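First up is the structure itself, then whatever we jot down about it.
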C-alpha cells in the first residue's frame, strides 16, 4: 500500500529578483516500510520538497503552485494549519539538516523530547519525562543526561537527540534531511546504522534526502535523482546503481572515486546547475549534457518507463535525440 504519493508537486519562491522555480512537477511514491532516497546536489529542491510535504514552506515568499501530497490517502495540501500540527511529529517527523541549530539552547534535551510527547499523546509530565529518558537510551545516550543542555553535547550526540525527538511518537513516516552532513565520517556511519536499526524496530517508512550516494546504497530500497527541481531518474537501488541511464546520473557516478579503478583524474560534470529563476526552455540538463541535441534545447523531455519501475526523463529514451559521444 502506498503510504505517501506526491503528484506533480510544484513550489515557487516569489522574490523581488524573480520567481525561483524550486520544485517543478515532482511525482514520487513511498510504500509502507520502504526507504526512498532523494538524491541531488545543493539547490536541486530536495529540502523544499520535504517542507512541501510537511506544510512548512515559508509563505511568503514560498508558494505551492500545484500538485497533491497524498499521505494515507488524504491530501495534506488541503489540511488546515491546525490539522497539520497534529500530523507533524505524530505521523510524520523530520530530522533536520543541522543538529547544531535544530535544538533549543535554553531547554534541557529531556524537556525537548518530553514536549513532543506531551503535544501528541495523552500522558502526564512524569510519564513524558520517563519516555524521554527511554528515547535517549534508545539512541545511545545515558538517561541521566536528560537534564543536560544542548551545548553540553557534541555534534554527533546532538544529532542523536534530534533523532530521539523525531521518533518519540513512533511516526509512520520519517523524513531525514541530510542527517549526517554536519558530522565527521565515523560518526556519520554510526548515525546511519542507528537510523536504520530504529526504523526496522519501529516499522517506520523513510524519505532520506542526501547528496551522498554511499549512504543511499547502504540504507535505501529505491532512489530518485533530482536535478533543477525535477526527477530525472527513479528506480530500485539495483536499477540506479547497475543500470544507470540518465546522463546526469552517470555523471554523478563518474565524479565519485572508486577503489576498483586506477585513474589520474575524476570525471566531474562540466558546468553548473541552471539558475532556478531562469531555467532553460527545454531539458534543464541540456547545457551540461554531452548528448544534447536541438530538441533537448527547445522541448522538455517527458518521463519514460524503460523497465518496470525504472523512469528516466531524457530524449535519449523517447526517440528524440541521438547520442553524440560517450556519456561521462
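In our numbering, the protein residues as written are 125 to 452.
The beta-carbon is built from N, C-alpha and C at its ideal position, and this holds for glycine as well.
All figures in this text were calculated on a predicted structure; none of them were measured in a lab.
Supposed close pair residue i, residue j - CB separation, criterion 8 Å
i	j	result
residue 426	residue 442	6 Å
residue 356	residue 437	5 Å
residue 395	residue 411	6 Å
residue 104	residue 282	The requested residue 104 does not occur in the structure, where the chain is confined to residues 125 to 452.
residue 262	residue 288	7 Å
residue 315	residue 272	With 8 Å as the limit, residue 315 and residue 272 do not qualify as a contact, their Cβ atoms being about 19 Å apart.
residue 179	residue 208	4 Å
residue 173	residue 150	6 Å
residue 264	residue 224	Not quite, the Cβ-Cβ distance comes to about 19 Å (not below 8 Å), so this is no contact.
residue 280	residue 311	4 Å
residue 320	residue 157	In fact, because the Cβ distance is near 13 Å, the residues do not count as touching under 8 Å.
residue 286	residue 220	7 Å
residue 260	residue 267	6 Å
For residue i, the first and last residue of its enclosing alpha helix (DSSP H)
i	result
residue 434	Counting along the chain, residue 434 falls outside any alpha helix (DSSP H), though it belongs to the beta strand (DSSP E) covering 434-437.
residue 238	233-244
residue 469	Residue 469 lies beyond the stretch modelled for the chain, which goes from 125 to 452, so this question has no answer here.
residue 442	Neither: residue 442 is in no alpha helix (DSSP H) and is coded neither H nor E.
residue 265	Taken as a continuous stretch (DSSP letters only), residue 265 belongs to no alpha helix (DSSP H), as it is neither H nor E.
residue 325	309-326
residue 337	337-343
residue 210	205-211
residue 182	Unbroken run through residue 182: none, as it is neither H nor E.
residue 226	223-226
For residue i, the first and last residue of its enclosing beta strand (DSSP E)
i	result
residue 278	Here residue 278 belongs to no beta strand (DSSP E), and DSSP marks it neither H nor E.
residue 190	186-195
residue 134	126-139
residue 142	142-155
residue 331	329-334
residue 159	159-163
residue 178	It is not in any beta strand (DSSP E) - residue 178 instead sits in the alpha helix (DSSP H) that spans 170-178.
residue 301	297-301
residue 427	427-431
residue 217	216-219
Cβ-based neighbour list, residue i, same chain, cut-off 6 Å, excluding 5 preceding and 5 following
i	result
residue 446	Legend: pLDDT at residue 446 = 45, less than 50; position of this residue unreliable, no value from coordinates given.
residue 421	406, 410
residue 428	436, 441, 442
residue 144	137, 400, 401
residue 244	213, 214, 293
residue 434	359, 363
residue 323	330
residue 448	Residue placement at residue 448 cannot be trusted, given a pLDDT of 44 that sits under 50; the coordinates are not used to answer.
residue 200	193
residue 423	406
residue 325	none
residue 255	241
Cut-off 8 Å between Cβ atoms - residues of its own chain near residue i, not counting five sequence neighbours on either side
i	result
residue 431	359, 363, 367
residue 391	375, 378, 379, 452
residue 229	273, 274, 275
residue 344	159, 160, 161, 332, 361
residue 128	152, 153, 154, 177, 193, 194, 195, 297, 329, 331
residue 450	Annotation note: pLDDT 39 at residue 450 (below 50); position unreliable, no value reported.
residue 205	179
residue 393	372, 375, 376, 378, 379, 412, 452
residue 203	179, 211
Neighbourhood of residue i by C-beta, 7 Å cutoff - its chain only, sequence neighbours within 5 removed
i	result
residue 175	181
residue 252	238, 241, 242
residue 190	132, 134
residue 398	352, 404, 408, 411
residue 218	174, 178, 290, 299, 301
residue 303	219, 283, 315, 319
**Report entry** Segment contact, 8 Å Cβ cut-off, at least three pairs: the stretch 157-174 with the stretch 337-352
**Finding:** yes
Query raised in the report: When the Cβ atoms of the stretch 138-151 are set against those of the stretch 185-192, are three or more pairs found closer than 8 Å?
Result: yes
Report task. Could you say if the stretch 292-306 and the stretch 322-335 meet the contact criterion of at least three C-beta pairs nearer than 8 Å? Result -> yes
Query raised in the report: Which parts of the stretch 345-414 are runs of the alpha helix (DSSP H), unbroken and 4 residues or longer, counting only runs that do not cross its ends?
Result: 361-366, 371-378
Query raised in the report: For the 8 Å Cβ check, are there 3 or more pairs between the stretch 235-250 and the stretch 197-217?
Result: yes
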